[in-house]
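In my numbering, the protein residues as written are 1 to 218. Ideal placement from N, C-alpha and C gives every residue a C-beta, glycine not left out. Read the structure below first, then the notes.
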């Protein structure tokens, strides 16, 4: 199995046919389904809650990669764990209790992941890297799909790769925002191994788009 993983974001899918969409994604061989949870407070948009995750869970064996773009995510961790999340990503900017929240995620039997926005330095999560299985680097500002990739965020990925080596850790680095068949190569070169793609995947033939991304990772 490739060390690289593709994580289509269902934020860009057909909301009226989620069961069909998740099955279409699974048929492409994409490893993760990236599920964006937005509360209208931490980010302007409102998207899905734990109920959507729970309703999709019986229809797919894909890894459910739940990205909580919500204020005080520690209040919602149990709901998403019960709903069937495999990974829960929380923003360092969203809670003063980042240590406890990440530890709570692991105690629920779910993989913890910490997220940093484009304006947040890697230094801001240095103290919690030992607690996570994944770091999600936002390559756009969170809250809306279809934004342009920010190439300056690649330096942050390189910094995280260096910190991982320095500390002897083994977390994965995921990128989210503006990923397509061109930008994925930049993120791979910088050191990312998990690639979220929403608009690019769903604005064409889903299988063809996932395979085009995969080709850039070979």
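Closest residue to residue 113 among 94, 158, 125, 135 (Cα-Cα distance):
As a working mapping, residue 113 is identified with position 113 in the chain shown. Out of 94, 158, 125, 135, 135 has the C-alpha closest to the C-alpha of residue 113.
Residue environment, residue 10, which counts as buried when at least 16 other CB atoms sit within 10 Å
Here the question's residue 10 lines up with position 10 in the chain shown. It counts as buried.
Mind checking which residues open and close the beta strand (DSSP E) that includes residue 31?
As a working note, residue 31 is residue 31 in the chain shown. Note, residue 31: premise wrong, no beta strand (DSSP E); not H, not E.
If you measure between the beta carbons of residue 179 and residue 195, is that distance less than 8 Å?
Numbered from its first residue, the chain shown carries residue 179 at position 179. Numbered from its first residue, the chain shown carries residue 195 at position 195. In this structure, residue 195 lies closer than 8 Å to residue 179 by Cβ.
Measuring alpha carbon to alpha carbon, tell me which residue in 138, 157, 156, 155 is nearest residue 148.
Indexing the chain shown from 1 puts residue 148 at position 148. Out of 138, 157, 156, 155, 138 has the C-alpha closest to the C-alpha of residue 148.
Which of the three DSSP states is assigned to residue 10 in this structure?
Translated into the one-based positions of the chain shown, residue 10 becomes position 10. Residue 10 falls in the helix class under three-state DSSP.
Three-way DSSP call (helix, strand, coil) for residue 87 in this model:
Residue mapping note: residue 87 aligns to position 87 of the chain shown, counting from 1. Three-state result, residue 87: strand.
Endpoints, the beta strand (DSSP E) within which residue 76 is located:
To locate residue 76, count along the chain shown from 1; it is residue 76. Segment: none, residue 76 is in no beta strand (DSSP E) and carries neither H nor E.
Residue 77 and residue 130 closer than 8 Å at C-beta:
By 1-based counting over the chain shown, the position of residue 77 is 77. By 1-based counting over the chain shown, the position of residue 130 is 130. For residue 77 and residue 130, no; Cβs fall outside 8 Å.
Hey, how far is the Cα of residue 97 from the Cα of residue 67?
Residue mapping note: residue 97 aligns to position 97 of the chain shown, counting from 1. Residue mapping note: residue 67 aligns to position 67 of the chain shown, counting from 1. One C-alpha to the other measures close to 17 Å.
Can you check DSSP and say which residues form a bridge with residue 176?
Within the chain shown, the letter at position 176 stands for residue 176. Residue 176 pairs with 138, 196.
Please report the straight-line C-alpha distance between residue 125 and residue 55, rounded to a whole angstrom.
Here residue 125 corresponds to residue number 125 of the chain shown, with the count starting at 1. Here residue 55 corresponds to residue number 55 of the chain shown, with the count starting at 1. Those two C-alpha atoms are separated by around 33 Å.
Which of the three DSSP states, helix, strand or coil, is assigned to residue 154?
For the purposes of this step, residue 154 is identified with residue 154 of the chain shown, where counting begins at 1. The answer is helix: DSSP assigns residue 154 an H, G or I state.
Rounded C-alpha distance that separates residue 152 from residue 164:
Against the chain shown, residue 152 aligns to sequence position 152. Against the chain shown, residue 164 aligns to sequence position 164. Distance between the alpha carbons of residue 152 and residue 164: 20 Å.
Secondary structure of residue 112, DSSP reduced to three states
The residue you call residue 112 lines up with position 112 of the chain shown. If DSSP states are grouped into helix, strand and coil, residue 112 belongs with the strands.
State the Cα-Cα distance for the pair residue 75 and residue 105, rounded to the nearest angstrom.
Taking the first residue of the chain shown as position 1, residue 75 is located at position 75. Taking the first residue of the chain shown as position 1, residue 105 is located at position 105. Whole-angstrom Cα-Cα distance: 11 Å.
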